[in-house]
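So the working numbering is basically just the index in the sequence shown, starting at one, shifted up by 63. Quick reminder that beta carbons are idealized off the backbone N, C-alpha and C, glycines included. Here the structure is a predicted model, which means the values were calculated and not measured.
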Amino acid sequence: MTDTYVLLADRSALSPFHAGELAVQERVGVRDYAHSSGTRSIRPVLQEQHRTFFNDRPFIVLGGLDANGQSWATLRVGRQGFVSSSDVHTLHIAGTTLPDDPLADAWKVGSMIGCLAIQPETGRRTRVNGMITSIEHDEISLHVSQSFDNCPKYIQGRTPTFVASVPSVARHAQRRGSQLDDIDRVLLEAADTFFISSANGPDTSRFAREADVSHRGGRPGFVRVDDANTLTVPDFRGNRFFNTLGNLTVNSRAGLLFLDFIRGDLLYVAVDAEVVWDEAQISKFAGAQRLLRFRVREVRRSTAALPFAWSPVEYSQQFAGFEAAHQAAREAPEQVDREAKLESSIP
C-alpha cells in the first residue's frame, strides 16, 4: 500500500490502492467493493482505540526491506507500553530486538515500515504502514501513512505469557542457509500461523516504495513443503483489498516468519513469491481461492528466541467449514464414478 493516493481514471474519488492491488482487485471482480470499503476504513491517522491497542501488546510484527531490497518479517517484544503513540500521526516502537533479526541493522530514517498489532486470544488485529522519522538507540519512531483493522478470520486463539528475559545471542543456536532442512520441515508442516512481509515496487514516479506485513493462518498442513526450496500455501478469502497479493504482483520478493509456539524458535524465510490462479492446483487446498508459491532465497533459524509460553491453541472456526466443503467436493466425483460403474454393470 502507499501513502500517495492515485486518481482513478474511471472514478472521481481518490483510491488508497496502488497499481498492483488494483490489478488483483480487477481480476477478482471486487475493485468497486474494495474502493468503497478502503476509502472508508483506511486512514492516514491512528484512532484512539488503535493507539491503546498497540500500547497494550507484548509483541509487534514488523515488515521492512534490508539493504538489498529483500523483504523480511520480524518481531519486537516488550512489556506493556513498549509501543506508544505521542499523537495520531506517530508510533514509537522500543522493546527488544530478538536474536538474528534480519532487519536489526536495516532500519534507517526514511525506511518504509509495516506494523501489525495482533491479539491471538481475541482475533483482533490492526495494521499500520508508515515511514521511519527517527531512531534513538533501539527506539524507532514512524509517521503513519495508513492505519486499518483486519477481521479476526483464520487467527488461532492462544495467549502469550512472558517466561523470561530474552536470552543473549551468544547462548542461542542460529542457522543460516539457502534452503530448508529437515528441522525446518517439521516446523513448517506443523505450522498453523505465519506472517508475510511484502513491498510495492518503485514502478512509477507516483509511488514511493512502501512495506507491509500481514498474518496468515490455517490448520496444520496448510503450508505444503514441496521440496527444500519451495513452499505452497492457500490464499483464503479476506478483506478483498489484496494488499499482499498486490505487492507481490509488482515485486515478488517477500519475507515469511514462522513461530514455533512450543520451543520458541523463529524461522525467517526470504522468498520469491508467485500467485497461482490455476483451478486444478487450487482445488487441492480446502477453502483456497488462490495459492501462493514461494521459492526460497535464504533461511534463518533462531532457536528458543521467544520469551513467551503460549496457552493451548484454539483453532479458528472457519476451517471446519472449509474441510467439510472440501471433503464433499472430493467425494462428489467419486460418487458419480461409482454410480456410473454400477449402471454399466446392470445387464
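Option in the options with minimal Cα separation from residue i
i	options	result
S315	L128, Q237, D201 and L322	L128
Q209	T153, A349, Y331 and H200	T153
G284	V296, S261, A291 and E252	E252
A291	R221, L329, S241 and A180	S241
H206	M194, K216 and M175	M194
F257	R239, G280, Q381 and N306	G280
Q182	R360, P121 and V332	P121
P162	F357, L330, W373 and R356	L330
G355	V296, I218 and I325	Rather than Gly, the amino acid found at residue 355 in this sequence is Leu. It is V296 whose Cα lies nearest to the Cα of L355.
D275	R238, G92 and V124	V124
P107	V151, R94, E89 and F116	V151
A254	A236, F324, S379 and Q237	F324
Neighbourhood of residue i by C-beta, 7 Å cutoff - its chain only, sequence neighbours within 5 removed
i	result
G83	N263, G309, N310, T312 and V313
R353	D298, V338, V339, W340 and I345
V172	I195, T196, S197 and I198
A130	A169
V87	F305, L308, G309 and T312
G92	none
H113	T189 and S210
Q381	K216 and Y217
S149	H155
E184	G220, R221 and T222
Contacting residues, own chain, Cβ-Cβ under 8 Å from residue i (five flanking each side not counted)
i	result
S268	Interpretation of S268 is limited by its pLDDT of 36, a score under 50 that renders its predicted location unreliable; no figure is taken from the coordinates.
N213	R188, T189, R190, S277, H278, G301 and N302
V288	L243, R248, L251, E252 and L294
V359	S241, Q242, L243, A291, N292, T293, L294, V332, A333 and V334
F116	A180, Q182, R187 and T189
Close-in-space but distant-in-sequence residues of the same chain around residue i (CB under 6 Å, 5 per side omitted)
i	result
F145	A157 and G158
L166	G127, W135 and T137
T160	A167
R239	R363
Q133	R316 and A333
Residue i: first and last residue of the uninterrupted beta strand (DSSP E) it sits in
i	result
E377	Careful: E377 lies outside any beta strand (DSSP E) and carries neither H nor E.
V339	L329 to V339
S241	Note, S241: premise wrong, no beta strand (DSSP E); not H, not E.
V108	Per DSSP, V108 belongs to no beta strand (DSSP E) and is neither H nor E.
L161	Element bounds for L161: n/a, residue is neither H nor E.
F357	R353 to S365
Enclosing alpha helix (DSSP H) for residue i [first to last residue]
i	result
V249	D245 to A253
S104	R94 to S104
L85	A82 to V91
A343	E342 to I345
Under 7 Å between C-beta atoms of residue i and residue j
i	j	result
F225	P370	yes
A317	S365	no
E377	G220	yes
F385	A336	no
L319	V332	yes
P215	G186	yes
S147	N192	no
A383	G327	no
M175	E111	no
Residue i CB to nearest heavy atom of the ligand NAP below 6 Å
i	result
Y217	For the ligand NAP, the structure offers nothing, since it holds no ligand at all.
Interface flag, residue i vs chain C, CB-CB below 7 Å
i	result
V207	The chain inventory of the structure shown lacks chain C, comprising one protein chain alone.
Secondary structure, beta strand (DSSP E): runs of 3+ residues fully inside the region 166-237: Segments of the beta strand (DSSP E) lying fully in the region 166-237: 175-182, 187-199, 202-213 and 223-225.
Runs of beta strand (DSSP E) wholly within the region 261-326 (minimum 3 residues, chain order): Counting only runs of 3 or more, we get 274-280, 287-290, 293-298 and 316-322.
Every unbroken beta strand (DSSP E) within the region 116-153, with a cutoff of 3 residues, ordered by chain: As far as the region 116-153 is concerned, its whole beta strand (DSSP E) runs of at least 3 residues are 122-128, 134-140 and 146-150.
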